[in-house]
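**Student:** Under the working numbering, the first residue of the sequence shown is numbered 198, with each subsequent residue one higher.
Below you will find the structure I want to go over with you.
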Amino acid sequence: MLRLKGNPEEKNFLREVIQRSGQNLLECLQCGKCSGSCPITSDTVPGPRRLIAMILSGMKQQSLNDPTWWYCVSCGSCASRCPVEINMYQVATTLCEMAEETGIKPSEPAIHLFEEVFLKSVRKNGRVQELKAVMEFNLRSFTPFKDAVKGAKLIVKGAIKPKDMVARAKSDPEILRIFERVERMRHGE
Numbered sequence: 198m199l200r201l202k203g204n205p206e207e208k209n210f211l212r213e214v215i216q217r218s219g220q221n222l223l224e225c226l227q228c229g230k231c232s233g234s235c236p237i238t239s240d241t242v243p244g245p246r247r248l249i250a251m252i253l254s255g256m257k258q259q260s261l262n263d264p265t266w267w268y269c270v271s272c273g274s275c276a277s278r279c280p281v282e283i284n285m286y287q288v289a290t291t292l293c294e295m296a297e298e299t300g301i302k303p304s305e306p307a308i309h310l311f312e313e314v315f316l317k318s319v320r321k322n323g324r325v326q327e328l329k330a331v332m333e334f335n336l337r338s339f340t341p342f343k344d345a346v347k348g349a350k351l352i353v354k355g356a357i358k359p360k361d362m363v364a365r366a367k368s369d370p371e372i373l374r375i376f377e378r379v380e381r382m383r384h385g386e
């Protein structure tokens with residue numbers, strides 16, 4: 198299902214996505230099972246089938262700006278239904294990295310911000326500290342009082358304790374090693 202026009206840049210983009218993701222997109226049948234089972238496919242999010250078609254057509258800019266890979270929740274529905282076993286999460290992760298490397302801003306900044314806050318919390322504490330993560334996300338997304346009413350109810354019920362907001366967790370050296378190893382892998386070391 199190769200639809201490239203012969204432009205070397207198009208071929209290089211396709212080759213790079215295949216090589217970096219480890220997924221042979223040339224095997225894609227365009228059957229639509231991935232998009233049919235994808236929970237994020239909608240009128241505004243085209244889904245994995247169309248994204249693969251764009252990659253196969255060498256549409257680099259459109260592929261890197263497509264919102265599908267930002268919304269991917271890595272549920273595995275696409276991979277489990279794909280007759281040629283293409284793992285779209287691997288492709289989505291590759292496109293995310295390529296977009297970041299080329300300076301393309303996230304099509305969904307809130308998703309990107311939440312991912313940063315979540316990973317920062319895990320790196321620092323060994324797990325996500327939900328209350329701090331939500332508060333930081335709300336502050337950084339300029340909606341500081343967004344969850345204030347819910348938070349107050351949780352405090353009254355004893356589900357969260359205000360002292361937890363100021364408590365410092367110890368860094369886990371093993372977690373730090375994992376993050377360091379991931380960074381080295383991202384940089385090809």
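Backbone N, C-alpha and C define an ideal beta-carbon position, used for all residues, glycine too.
So is ALA307 buried or exposed if we call it buried at 16+ other beta carbons inside 10 Å?
**Tutor:** exposed
**Student:** Check LEU292 in the structure and name its three-state DSSP category.
**Tutor:** helix
**Student:** What ranges does the alpha helix (DSSP H) occupy inside the region 259-327, keeping only unbroken runs of at least 4 residues that lie completely in it?
**Tutor:** 265-268, 274-278, 285-298, 306-322
**Student:** Report the CB separation of GLY255 from LYS302 in whole angstroms; it is logged as a contact under 8 Å.
**Tutor:** Incorrect: roughly 22 Å between the Cβ atoms, too far for contact.
**Student:** By how many angstroms is the C-alpha of ALA349 removed from the C-alpha of THR291?
**Tutor:** 40 Å
**Student:** Quick one: which unbroken alpha helix (DSSP H) runs of 4-plus residues sit fully inside the region 235-260? Chain order, please.
**Tutor:** 245-253
**Student:** Quick check: what's the CA-CA separation for ALA356 versus ASP263?
**Tutor:** Answer to the nearest angstrom: the Cα atoms are 39 Å apart.
**Student:** Taking contact to mean at least 3 C-beta pairs separated by less than 8 Å, is the region 226-237 in contact with the region 278-288?
**Tutor:** yes
**Student:** What is the rounded straight-line gap between the Cα of PHE311 and the Cα of MET332?
**Tutor:** 11 Å
**Student:** For PRO306, verify whether its CB is less than 7 Å away from any heavy atom of the ligand HEM.
**Tutor:** The ligand content of the structure shown is nil, which means the ligand HEM is not present either.
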